[in-house]
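Those protein sequence lines, which keep their order, are chains A and B.
For the first sequence, my numbering begins at 1 and goes up steadily by one.
For the second sequence, my numbering begins at 1001 and goes up steadily by one.
No residue lacks a Cβ here, since even glycine has one placed at the ideal position from N, Cα and C.
All remarks here apply to the structure that follows.
There are 2 protein chains.
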Amino acid sequence: MTVQAVIDSLPGIQWITDPALVRQKSRDFFWYSPVLKRQLNGVTAEAVACPRDEAEVIAILSACVKHQVPLTPRGAGTGNYGQAMPLKGGIVLDLMGLDRVVWTKPGVVRAQAGVKLIDLDAHTRREVRGELRFHPSTKRTASIGGFIAGGSSGIGSCTYGKLREFGNILGLRVITMEAEPRVLELRGTDIDKANHAYGTNGIITEVEMPLAPAWDWVDVLAGFPDTISAARFAEALIASDGIAKKMAGVVAPGVAQTYFKMLQPYVPAGAACSLVMVAEPFLELLKPLLERFGGTELYRCETEKAETPLYEFTWNHTTLQALKVDRSLTYLQTLYPAPNHFALIEKMEKTFGDEVPIHLEFVRLGGVVSCFGLQLVRYTTEERLAEIIDIHEDAGCPVFNPHAFTLEEGGMKRIDSEQLDFKRVADPHGLLNPGKMLAWDDPDWTPDRKRSFYLYGQADAPEVEEVLE
Amino acid sequence: MTVQAVIDSLPGIQWITDPALVRQKSRDFFWYSPVLKRQLNGVTAEAVACPRDEAEVIAILSACVKHQVPLTPRGAGTGNYGQAMPLKGGIVLDLMGLDRVVWTKPGVVRAQAGVKLIDLDAHTRREVRGELRFHPSTKRTASIGGFIAGGSSGIGSCTYGKLREFGNILGLRVITMEAEPRVLELRGTDIDKANHAYGTNGIITEVEMPLAPAWDWVDVLAGFPDTISAARFAEALIASDGIAKKMAGVVAPGVAQTYFKMLQPYVPAGAACSLVMVAEPFLELLKPLLERFGGTELYRCETEKAETPLYEFTWNHTTLQALKVDRSLTYLQTLYPAPNHFALIEKMEKTFGDEVPIHLEFVRLGGVVSCFGLQLVRYTTEERLAEIIDIHEDAGCPVFNPHAFTLEEGGMKRIDSEQLDFKRVADPHGLLNPGKMLAWDDPDWTPDRKRSFYLYGQADAPEVEEVLE
C-alpha cells in the first residue's frame, strides 16, 4: 500500500493513523452546506503527517511524489467548503506544527504557516504594537497559512479589502510537489499563484504579512428600525476614513433575537442590528453617526475582554451561531454590487422574506465601499437552493457559492490560468489536494456548466452529527 | 491708543512692536495670488503678542475685549489666503510659544497649538511609533493649530481624507473672546465649530489628534507618457487599500522639467510625472502598478533622508516651486468630481493648454477616491483669472478659490451657520480675525454674489518683493 510505503520511509515524522483521528483531521466545516454534507461526508485520508519544520515537509513531499500518493495540506481545518478535505484519500499534511514567528518588524511580520492567528496577533501586538490587518471569524482557532490558502477576507476587510488586494500579502514561501521539492519565494504579483489556491499548487510554509496598528478595539452592537437603516449606518461607518474600525456587519430583524444567545438580552423585538468594532478613541463619534440612521447602542464591550467577541457573530460565524439553534439552516455568499446595493438588498429581502434572512458585511473592494451578503437560508431542497442562487445571480448579485468545493465554482467563477500554470510547474503529477482545481481535471470547464461534480471518494458513508461548541 | 492700552496692561507678556517685525508677523503666503497681493499688501497689525502659556492667552483676550481691540491669531504664517492677516490692524496673537506636547498614547496625541508639525511627528514617532495622519506641504515650518485653523488636507489625505472627516480631529481646546474668557473643549461634531474657521470664533490652544502608523516612507517620482496615464496610476495607487501610501500627486508634462529644479536631472522631456510616498515594505509593488499605466520610476529616496522631501513639490508647494522660477504664475484649487474626473481633466487640459498646466492631488473624500486640481495658472489679468474660474465651474469643476481671503468665498462656498452661531457666543464683540467670516459682517451674503470685497485696511501700501527660499 503506497501510503504505508511513505510512512515506512519516514520513521522520524510524527504520523496519525488511528482511523477516527485521521477522519477528524480530514474534515472541516463543510457540513454548513447540506450539499457538501451529502457529497463530502465520507471523505477521509489514510494517514495524517505532522511535520515540525520545513525539512520534514520537504521529506514528506518528496516521498509522496516517489510513491505517487495524493497529499492534502491543512491548517486548523476551519474552512467551510471542504478546502482541506482529501477527496482522493492519501495523506493529509497537518501544518500546525510549523508554529514559529520568523521575525517581526514595525508594520510587517513573517511567520510559519501553522501559527494560529490569535497567537500571531498577540505576538505582533506585544513586539511592535501591530496586528494582522484582517482575520476570519475563526481567529481563535485558525492558522495564518490556512487563512491565506483557503480564505479571502474577514474582520478588517472594511478597511484593507481582501487578501487579493495588492499589498495585503507581502511574501509566500512555497514548496513544490516534485521528487526534489524546490523552495520558492513568491512576492508581488506572483503571490496570486498560491493565494487562495487551497494548497492545490504548492505547500505554503511561511508567510510575510503587513500589519495594521493594534488599537484597543471595542465591540458595539446597535439596533435599528430596519435592515436598510442598519446597512446605511454600516456603510457610512466604513466610508469614514477618519474613524479606525475593523468590522461592520448587519443582520435583519429576528436574526440576533433568535440565534445570538449571548446578545439576546440586549436586542429588542423587531430590531435590525449592526455589529461593529471601533477603536477606543473614536467611540465618542458613534453616537452622532448612529443618530443619523435612527440607531441605538445596545451593547458595548472591549473586544479583548468579551467572553465571546462580537466578531464571532459575524461573517461565517453568523451561520454557526444560527446552526447552534436550528440545524436546518444554511447560507449564501453574495455581492450586492454598488451603487445599487441598497435596492438589491431590499429586492432580495422582499423576494425571499424569512426564507433568506439578510446578513451583510461591509468591506472595501478595490478602494470602493462594497457590500457582501452572507445570508442565512432556510434549507428545503438542493433544487430550491440552486433556484435561490439563480434568482440572486439573475438580479445582479453574484453568488460565491459556498455549496461547492472547487476553486472555480466557489469564489473564482473562472479558470485562473495563473494558478493552473503554476500547478503545472509546482505539482506536475497532480498530487496536491486533488479534485479542487476543476481546470486541472477538466481543462474545458466553463462557468456555465452547472453545479459541482464529485470526481472521487464515496458519498455514502454513515452520517455523523457534528457537535457544535 | 487702545493697542497701547492693552500692552500697558500686560507688562508680563512678550510683545513685538517694531513695525518691520510686526508687518512680517502680519503676513503669510497670500502673495501667491496676484488678487490677494493687491488687496492685502498693506495689511499690518500694530503689535504682536507672544504668549507662552494658556494663562497668558486668556489675559491677552480679556484685555483686548476690555479695550475692544481686534485680535488675529497666527501660527507659523504658512497660509496662502491671508488666513492670519489682521485686516483691521490691532494685535496679532502669535501662538508659536505654546509649543508643548501635552500627552501621547498609542494612536493619539494631544499638543498645544503652537507645536510645529515636524516636531510633533518626531515626538510621536519616537514615543509611540505614530505620526500625524496628514500634514500640509509646509510640514517643516507650520504648526498644528495653524493647520487646523487654516488648513484642510494634505499629504496623507489620500488615505485619511480631509480634516473635516469624522475622526481626523478628536478634540479642540478653545478660548472664547469675552471679558472673562471661557475655556471650552470641543469634541465630536462640535469640532466643526472651530475647525477651519481661521480663528474667527475662538482661539485654539490645544488639539487632540489621531495618529497613523509611522512607516519608513519613500519618495518615488515616476514618469508617464501623458497626464492622464499619470493620473490613472495615482488613482489606482490610492484605490489600493493594501498599500500603505501617503501621497499621489501628478503634474503635466513640462511642470517638473521647468520648475522642479532638484528633480530636473531625472525627468525626460515630455514626461508627465507622478510624485508618490509609499511605505518601504510596499515598494516592490510599485513596479507592476507603474507598468500597468506605462510608467517608469525616475527617482527614489527615503523621505527622511531627502535634502528636499518630495512632498515639497506637491500641494501648494508645487506653486511655490514654480514661483521660484517664474514670478508671473499663480494657481487654482478645484475638484474634478468622480466618476467623470478623467474626462474633466482632459477637457480642461484641452481648453486651456499651457495657460493652466495641470497639477493633481488624489485624496479620499467621504470614502471615495477623488481628484483635486491645484493647477498652475499663467496669470494675465484679474478678469481672465475670474474667467478661468468660471469656465471650470461651468464645466462642473468646483473651484475653492485661493484668490479670496474670506471663509465663504474660499473653500466653504456657503454660510456655515454652525461657525456663525459659535462666533455669536464665543466672540460676541466680533473682535477675532475681523473680515474673514463674511456672514458676520454681511449676514445676507450668498455665493452668487461675485468676488471678495475688502472691508478694512489700505490696499495702497508700497509693494514689497517677497523673498523666496
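Since residue i sits in a beta bridge, which residues does DSSP pair it with?
i, result
"B/MET1209", "B/VAL1109"
"A/ARG74", "A/ASP94"
"B/GLY1475", "Shown here, chain B extends from 1001 to 1469; a query on residue 1475 of chain B therefore has no answer."
"A/ASP219", "A/MET277, A/CYS301"
"B/ILE1016", "B/VAL1048"
"B/LEU1132", "B/LEU1211"
"B/ILE1203", "B/ILE1175"
"B/TRP1103", "B/ARG1110"
"A/THR334", "A/GLY373, A/VAL399"
"A/ALA272", "A/PHE224"
Quick check on this structure: which residue in the options has the alpha carbon closest to the alpha carbon of residue i?
i, options, result
"B/PRO1268", "B/GLU1291, B/GLY1242, B/LYS1245, B/GLY1295", "B/GLY1295"
"A/PRO253", "A/PHE233, A/PHE224, A/LEU237", "A/PHE224"
"B/PRO1086", "B/SER1009, B/MET1177, B/ALA1404, B/PRO1073", "B/PRO1073"
"A/GLY42", "A/PRO70, A/GLN24, A/LEU360, A/LEU93", "A/GLN24"
"B/SER1274", "B/PRO1281, B/PHE1282, B/LEU1263", "B/LEU1263"
"A/LYS305", "A/ASP53, A/VAL220, A/ILE7, A/THR319", "A/VAL220"
"A/VAL369", "A/PRO106, A/GLU131, A/SER240", "A/SER240"
"B/THR1141", "B/GLY1154, B/LEU1117, B/ALA1272", "B/LEU1117"
"A/ALA322", "A/GLN375, A/VAL65, A/ARG187", "A/GLN375"
"B/VAL1425", "B/THR1176, B/LEU1170, B/ILE1388", "B/THR1176"
"B/PRO1339", "B/GLU1235, B/PRO1265, B/LEU1432", "B/GLU1235"
"B/GLY1411", "B/GLY1130, B/LEU1021, B/LYS1162", "B/LYS1162"
Would you give the residue range spanned by the alpha helix (DSSP H) that residue i belongs to?
i, result
"B/GLN1039", "1034-1040"
"B/LYS1066", "1054-1067"
"B/ALA1234", "1227-1239"
"A/HIS392", "382-395"
"A/VAL325", "316-325"
"A/GLN419", "417-426"
"B/PHE1352", "1341-1352"
"B/ALA1404", "It is not in any alpha helix (DSSP H) - B/ALA1404 carries neither H nor E in the DSSP assignment."
"A/LYS287", "286-292"
"A/ASP8", "2-9"
Quick one: is residue i buried, meaning 16 or more other Cβ sit within 10 Å of its Cβ, or exposed?
i, result
"B/VAL1207", "buried"
"A/GLN4", "exposed"
"B/GLY1457", "In this predicted model, B/GLY1457 has a pLDDT of only 45, less than 50, meaning its place in the structure is not dependable; the value taken from the coordinates is given anyway. Looking at its Cβ environment, which holds 16 or more other Cβ atoms inside 10 Å, B/GLY1457 is buried."
"B/PRO974", "Examination of residue 974 of chain B is not possible in this model, given that chain B is present from 1001 through 1469 alone."
"B/MET1096", "buried"
"A/ASP460", "Residue placement at A/ASP460 is poorly supported in this model, since its pLDDT is 49, which falls under 50; the coordinates are not used for a value here."
"A/PRO462", "Residue confidence for A/PRO462 is low, a pLDDT of 48 falling below 50, so the modelled location carries little weight and cannot support an answer."
"B/PRO1428", "exposed"
"B/PRO1181", "buried"
"A/SER62", "buried"
"B/GLN1039", "buried"
"A/LYS246", "buried"
"B/LEU1021", "exposed"
"A/LYS261", "exposed"
"B/ARG1232", "buried"
"B/LEU1455", "Below a pLDDT of 50, predicted positions are generally treated as unreliable, and B/LEU1455, at 47, falls in that range; no measurement from the model is reported."
"A/VAL128", "buried"
Starting from residue i, trace the beta strand (DSSP E) in both directions and tell me its first and last residue.
i, result
"B/MET1247", "1245-1251"
"B/ILE1508", "Only positions 1001 to 1469 of chain B appear in the structure, and residue 1508 of chain B is not among them; the question remains open."
"A/PHE362", "359-365"
"B/ARG1378", "1376-1378"
"B/THR1330", "1329-1331"
"B/SER1026", "Neither: B/SER1026 is in no beta strand (DSSP E) and is coded neither H nor E."
Point to revise | Cβ-based contacts, 7 Å cut-off: residues of the segment 365-378 of chain A near chain B | key: Under the 7 Å Cβ criterion, the segment 365-378 of chain A contributes GLY366, GLY367, VAL369.
Exercise for review: Report the residues of the segment 1237-1256 of chain B with a CB closer than 8 Å to any CB of chain A, ordered along the chain.
Suggested key: Taking 8 Å as the Cβ-Cβ cut-off, the segment 1237-1256 of chain B approaches chain A at ILE1238, ALA1239, SER1240, ASP1241, GLY1242, ILE1243, ALA1244, given in chain order.
Review point. In chain order, what residues of the segment 1206-1222 of chain B put their CB closer than 9 Å to some CB of chain A?
Key: Those residues of the segment 1206-1222 of chain B that come within reach of chain A (Cβ to Cβ, closer than 9 Å) are GLU1208, PRO1210, LEU1211, ALA1212, PRO1213, ALA1214, TRP1215, ASP1216.
Check your understanding: Of the residues that make up the segment 180-205 of chain A, which ones have a beta carbon closer than 8 Å to any beta carbon in chain B?
Key -> Here the close residues are ARG187, GLY188, THR189.
Check your understanding: According to a CB-to-CB cut-off of less than 8 Å, which residues of the segment 97-117 of chain A neighbour chain B?
Key -> Per Cβ criterion, the list reads PRO106, GLY107, VAL108.
Check your understanding: Between the segment 328-357 of chain A and chain B, which residues of the former have CB atoms less than 8 Å from a CB of the latter, in chain order?
Key -> So nothing in the stretch comes that close.
Check your understanding: Mind listing which residues of the segment 263-277 of chain A have their C-beta closer than 9 Å to chain B's C-betas, in chain order?
Key -> The segment 263-277 of chain A vs chain B, Cβ under 9 Å: nothing.
Review point. At a Cβ cut of 8 Å, what residues of the segment 142-165 of chain A count as close to chain B, listed as they run along the chain?
Key: Taken in chain order, the members of the segment 142-165 of chain A whose beta-carbon sits within less than 8 Å of a beta-carbon on chain B are THR159, TYR160, GLY161, GLU165.
Check your understanding: Listed in chain order, which residues of the segment 1276-1297 of chain B have Cβ atoms closer than 9 Å to some Cβ of chain A?
Key -> Those would be ALA1279, GLU1280, PRO1281, PHE1282, GLU1284, LEU1285, LYS1287, PRO1288, LEU1289, in chain order.
Check your understanding: Between the segment 1121-1138 of chain B and chain A, which residues of the former have CB atoms less than 9 Å from a CB of the latter, in chain order?
Key -> Cβ contacts with chain A: VAL1128, ARG1129, GLY1130, ARG1133.
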